[in-house]
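Asks: For the sequence shown, the residue numbers in our numbering are 6 to 132. Ideal Cβ positions, reconstructed from N, Cα and C, are used throughout, including at glycine.
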Amino acid sequence: MHKLDHMTLTVTSLAISMPYYDALLPLIGMQQLRPQVWTDQQGFFIQFQQAARDTRPYERYGAGLNHIGFSASSVADVEAIRESMQAAGFPVPDIQNLGGVSALFMRDPDGIRFEISHYPPGTSVVD
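Have a look at this one:
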């Protein structure tokens, strides 16, 4: 069996982006293994690297990654993540109701979108 084991995010500036991720990732159950490397302790890792100079920035509707989605166990968890990120000084939009799914779409300093959603019974991640 094959499973997703890691993700590498290239950011414009580690100095600017890591405070965002240092605030967000513990809220979704990730633990820091070492600087710029986080794990869910179940075999999945997120690592960060500095972008090379003169490269293109992230584009939401360009070819490539649109967003990264994580599920939450309850609407209260989605709300708590929103409140924590806002309290840490990061801009956070309102939680959206997408057909019963509570979804929070946040952007990192490069504009990469993260979705934190609660899917009630009977709803699906992919429709």
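(1) Is any non-hydrogen atom of the ligand FMN found closer than 8 Å to the C-beta of A108, if you look at the structure I gave you?
(2) In its own chain, which residues sit with a C-beta less than 8 Å from the C-beta of N71, not counting the 5 before and 5 after it?
(3) Name, in chain order, the residues that DSSP records as bridge partners for N102.
(4) What residue range is occupied by the uninterrupted alpha helix (DSSP H) comprising I86?
(5) Let me know if I86 comes out buried or exposed under the rule of 16 or more other beta-carbons within 10 Å of its beta-carbon.
(6) Kindly confirm or deny that the region 98-107 and the region 42-51 touch, where touching means at least three C-beta pairs closer than 8 Å.
(7) Thinking just about the alpha-carbon of each residue, which of R61, F75, S76 is nearest to the one in G69?
(8) Are there 16 or more other CB atoms within 10 angstroms of the CB of H7, so buried, or fewer, so exposed?
(9) Using the C-alpha atoms, what's the distance from R58 back to Y26?
(10) Taking DSSP's pairing of strands, which residues face R118 in a bridge?
(11) In this structure, how does DSSP classify M12 when only helix, strand and coil are distinguished?
Replies: So, to answer that:
(1) This structure does not include the ligand FMN; it has no bound ligands of any sort.
(2) Reading the sequence shown from its first residue, position 66 is the one you call residue 71. So the qualifying residues of the chain are R65, R118.
(3) Here residue 102 corresponds to residue number 97 of the sequence shown, with the count starting at 1. For N102, which the question treats as bridged, DSSP gives the partners S107.
(4) Position 81 of the sequence shown, counted from the first residue, corresponds to residue 86. First-last of the alpha helix (DSSP H) with I86: 80-92.
(5) Translated into positions along the sequence shown, residue 86 becomes position 81. Of the other Cβ atoms in all chains shown, 16 or more fall within 10 Å of the Cβ of I86; this residue is therefore buried.
(6) Output reads no: the region 42-51 does not touch the region 98-107.
(7) Counting from one through the sequence shown, the residue named residue 69 turns up at place 64. It is R61 whose Cα lies nearest to the Cα of G69.
(8) The sequence position of residue 7 within the sequence shown is 2, counting from 1. H7 counts as exposed, since fewer than 16 other C-beta atoms from the protein chains shown sit within 10 angstroms of its C-beta.
(9) Here the question's residue 26 lines up with position 21 in the sequence shown. Here the question's residue 58 lines up with position 53 in the sequence shown. C-alpha of Y26 to C-alpha of R58: approximately 21 Å in a straight line.
(10) Mapped onto the sequence shown, residue 118 falls at position 113. Beta bridge pairing from DSSP links R118 with H72, R112.
(11) Residue numbering aside, residue 12 sits at position 7 when the sequence shown is read from its first letter. M12: strand per DSSP, three-state reduction.
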